[in-house]
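In our numbering, the protein residues as written are 260 to 462.
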Ligand code: NI
């Protein structure tokens, strides 16, 4: 609440309403996940995805088609690779969560988006898939164990609910933040995500 009060003085009314809505989305999800544990229903889990989707779509729409190969560092993903990863991740990870045991993928040279339009279409399909999976996941299933293995060796195990929170949602938000830095370095005007960007008038 102190955070809300502090932010209110610095924002316009419209921006305050947007921030309130985002905070409410996040708090609803976080409180249900932590206080009620297994009583979190599939709809709430899916809300975690839908809360982030309009701002992610606005971001992807701004990816410049002529900079797909650009990268901020030799070891970084290219803009096209990062954009496609942000677009595809929710659906791909949801598809993995449906299963109980998953073979670890090889994390080598991720594919690149070939255009802004492809990235946005991929995001739309990916979010539909993630929401379909999460809405259909009942509480009992959400608390069952999910395992990542390589051959017969366990690499990671956690309740499916925790995998949704960390690998599906937190990981997605992490890469979206990374993408905002790429676009900033390329001088692309950024949309508002959690409050106004530095270029309020160019949203
Ligand atoms: Ni990733």
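Every residue, glycine too, gets a C-beta built ideally from N, C-alpha and C.
Give every residue of the same chain whose Cβ lies closer than 7 Å to the Cβ of residue i, excluding the five residues on either side of it in the sequence, and list them in chain order.
i	result
residue 353	388, 389, 392, 393 and 427
residue 342	319, 322, 372, 378 and 438
residue 314	450 and 452
Cutting at 8 Å between CB atoms, please list the residues of its own chain near residue i, excluding the five before and the five after it.
i	result
residue 293	At residue 293, the pLDDT of 42 sits below 50, so the modelled position is not reliable; the number obtained from the coordinates is stated separately. Closer than 8 Å at Cβ, skipping near neighbours: no residue.
residue 430	348 and 352
residue 344	336, 369 and 434
residue 440	331
residue 443	449
residue 404	359, 416, 417, 418 and 419
residue 383	316
residue 409	362 and 363
residue 400	419
residue 329	337, 338, 441 and 445
Using only the heavy atoms of ligand 1, determine whether one of them is closer than 7 Å to the beta carbon of residue i.
i	result
residue 430	yes
residue 332	no
Which residues in the same chain have their Cβ closer than 6 Å to the Cβ of residue i, if we skip the five residues on either side of it in sequence?
i	result
residue 350	385, 388 and 389
residue 375	322 and 324
residue 317	450
residue 340	369 and 371
residue 407	361, 363, 414 and 415
Residue i bridges to which residues according to DSSP?
i	result
residue 404	418
residue 409	412
residue 454	452
residue 362	408
Could one say the Cβ of residue i lies closer than 8 Å to chain B's Cβ atoms, at least one of them?
i	result
residue 375	Absence of chain B from the displayed structure is noted, only one protein chain being present.
Contact between the stretch 373 to 381 and the stretch 408 to 416: three or more CB pairs below 8 Å?
Taking one beta carbon from each stretch, the stretch 373 to 381 and the stretch 408 to 416 have fewer than 3 pairs nearer than 8 Å; the two do not touch.
Counting Cβ pairs, one atom from each stretch, are 3 or more of them under 8 Å apart for the stretch 355 to 362 and the stretch 445 to 455?
no
Taking contact to mean at least 3 C-beta pairs separated by less than 8 Å, is the stretch 361 to 374 in contact with the stretch 432 to 439?
no
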